[in-house]
Every structure is written in structure tokens, then in C-alpha cells.
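A short write-up of the structure that comes next.
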Amino acid sequence: MSITLTNALGRLVTFLLPHESYCVARGECACSVQPGRGGRRLPSSLTLASGVSLEDVPEAALCVPAVAAAIRRGEVALKRQAPTAPPSSPPSAAPEVSARVSRKKRGAS
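So this is what it looks like as C-alpha cells:
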């Protein structure tokens, strides 16, 4: 299922995606590890500019309490779409050939 989040606020919104909720729901870690910090995980984030929609958001983002609360408050609009099957195309014949003849540019060898 495809998820689209749209920022309905008049300002930039950023959500931290903590390991405890996002990565666990996702089934794999999406955190980055900063070298020199003893292997400390840094959570990823989700940023939506004002009025902008972000498509194909992972389902696990809805498990983050801050994202779920923003959706409930109406600050972020949620749209779910069933994945569309690729249109079945008939077997194609030979590819179309362009009627234009390509010309060599001056100085080209």
C-alpha cells in the first residue's frame, strides 16, 4: 500500500524517526552510525515543507507517535492508495523509426 503524507500547516514540519518505534516497525534499522561516537545510532528524520506532499512513505512512519499525533490533529494529511498494477501492454512490433535523419555536426569526426 502506498502512503502519501501532506503537510497541512503553514510551516516546515520535521519528525524524528526513533529506532524504538520506526526501525522496529520497519523490521530493519534505518539509523545512521556516526563514526567516532562509539557506534551511537542517529535516528533518521522525515521533513515536509509547507503544503508539500511526500509519496511512498514507509508504513512504519505511522508507528512513530509524533507522526500519528500530527495526523490526528490534522496537521498532516494521510492518503493511502492501493498499488496499481502495471498496465498490460500488447506485444509491440518493431520500434518506431524516426523520420528525421540525424546530421553530423561540423567538426565532428
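In terms of UniProt numbering, the sequence shown opens at residue 1 and continues consecutively.
The C-beta atom is built at its ideal place from N, Cα and C for all residues, glycine as well.
None of these values were measured; they are calculated from a predicted model.
Local Cβ density within 10 Å of residue i, reported as buried at 16 or more and exposed below that
i: Val64; result: buried
i: Ala61; result: buried
Nearest-angstrom Cβ-Cβ length linking residue i and residue j, presumed shorter than 8 angstroms
i: Ser21; j: Gln81; result: Contact doesn't hold; Cβ gap of about 24 angstroms is too wide.
i: Pro43; j: Leu78; result: Contact doesn't hold; Cβ gap of about 21 angstroms is too wide.
i: Val76; j: Thr6; result: 7 angstroms
Reference residue i; option with closest CA among the options
i: Pro58; options: Thr14, Gly38 and Ala30; result: Ala30
i: Arg41; options: Ala49, Leu12, Glu55 and Cys23; result: Cys23
i: Leu12; options: Leu46, Ala68 and Glu55; result: Leu46
i: residue 120; options: Glu55, Leu48 and Asp56; result: The requested residue 120 does not occur in the structure, where the chain is confined to residues 1 to 109.
First and last residue of the uninterrupted beta strand (DSSP E) at residue i
i: Ala77; result: Val76 to Gln81
> Which runs of the beta strand (DSSP E), 3 residues or longer, sit entirely within the segment 18 to 49?
Replying inline: 44 to 48
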